[in-house]
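Each position in the sequence shown, counted from 1, maps to that position plus 4 in this note's numbering.
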Amino acid sequence: MHIEPRPEQQTSWYLRPFFWNQRRKYGQVLDAARLWARSPKLFVAVATLYGVIDRRGSPIEPSLRSLITVRVSQINHCPFCVDLNSATLLKRGAGWDKVVSLRDWRDSPIYSDRERSALDYAEEMTVSGPGVRDETVDALRDHFSDDAIVELTALIAFQNLSSKFNAALGVPPQGFCERPATATAAATGTVDGEAASDTARWVSEQNAGEI
5 MHIEPRPEQQ TSWYLRPFFW NQRRKYGQVL DAARLWARSP KLFVAVATLY GVIDRRGSPI
65 EPSLRSLITV RVSQINHCPF CVDLNSATLL KRGAGWDKVV SLRDWRDSPI YSDRERSALD
125 YAEEMTVSGP GVRDETVDAL RDHFSDDAIV ELTALIAFQN LSSKFNAALG VPPQGFCERP
185 ATATAAATGT VDGEAASDTA RWVSEQNAGE I
């Protein structure tokens, strides 16, 4: 990393509940969180915004939220974000095939029309260029209400903030996304002892995602 994350014991006391929750949820504190902790007010603001965007009552279903965050992370070359968000996508019920096919979603039949419209919108928002086309928003309206489109836009914008922050500071993956053993063995012929390195290679490959 380009900047050393702040040691947890040196962070502001009111951030410690956030770290406790991360340890409970992920088994470890996120390196990205310890970077944000160098500016406690920014940490609280970003964490609060994320909590609202990813709340249980969001009109965007959890699996789609995670699908979008992985794709944005791929485009922005953020290995940490690809790792963490892919793991979350799997926990939210997506099959492994949906994770590994995401870079080439336009050529895959496994994504629904609703997912395709959201992914198209996410790519146009994320990639620098002419911007979002009118027809892309029109396609969204076949699957989302105007309120839901606002929520989706906020999610994509937030993930651009998060992934660009982490990519710029060189935050590495923390090993959250583990390939299922059967998929790993079938695809690569690896044994259990090679699973970690195989997962690391996969995250690196996904991080290279382009339009």
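Think of the CB as a built atom: it goes at the ideal place given N, C-alpha and C, for glycine as much as any other residue. Values in this document were obtained by computation on a predicted structure and should not be read as measured data.
Where ILE57 is concerned, the enclosing alpha helix (DSSP H) starts and stops at 44-57.
Around the beta carbon of PRO113, fewer than 16 other beta carbons sit within 10 angstroms, so the residue counts as exposed.
By the Cβ criterion, the stretch 32-39 is in contact with the stretch 6-13, since at least three pairs of Cβ atoms, one from each stretch, lie closer than 8 Å.
Leaving aside the five residues that flank THR15 on each side, the residues in its chain whose CB is nearer than 8 Å to its CB run, in chain order, PHE23, ARG38, ALA41 and PRO44. Counting other Cβ atoms within 10 Å of its Cβ, ALA126 reaches 16 or more and is therefore classed as buried. Look at ILE160 here: in three-state DSSP terms it is helix. ASP87 sits buried, since 16 or more C-beta atoms from the chains shown fall within 10 Å of its C-beta. Residues of the same chain with a CB within less than 7 Å of the CB of ILE64, apart from the 5 flanking positions on each side, are ALA152, GLU155, LEU156 and LEU159 in chain order.
Fewer than three pairs of CB atoms, one per stretch, sit closer than 8 Å, so the stretch 74-81 makes no contact with the stretch 55-62. Comparing alpha carbon positions, the residue from ARG183, GLU182, CYS181 and PHE162 closest to LEU53 is PHE162. Going by DSSP, LEU123 is part of the alpha helix (DSSP H) stretching over 117-130.
Annotation: SER116 to ALA122 spans about 10 Å, alpha carbon to alpha carbon. When C-alpha distances from MET5 are compared across PRO176, PRO66, PHE180 and GLY133, the shortest belongs to PRO176. Judged by DSSP secondary structure, PRO21 falls within the alpha helix (DSSP H) whose first and last residues are 20-30. A straight-line Cα-Cα distance of about 17 Å links VAL48 and ASN170. In the DSSP assignment, ILE72 falls within the alpha helix (DSSP H) that extends over 66-79.
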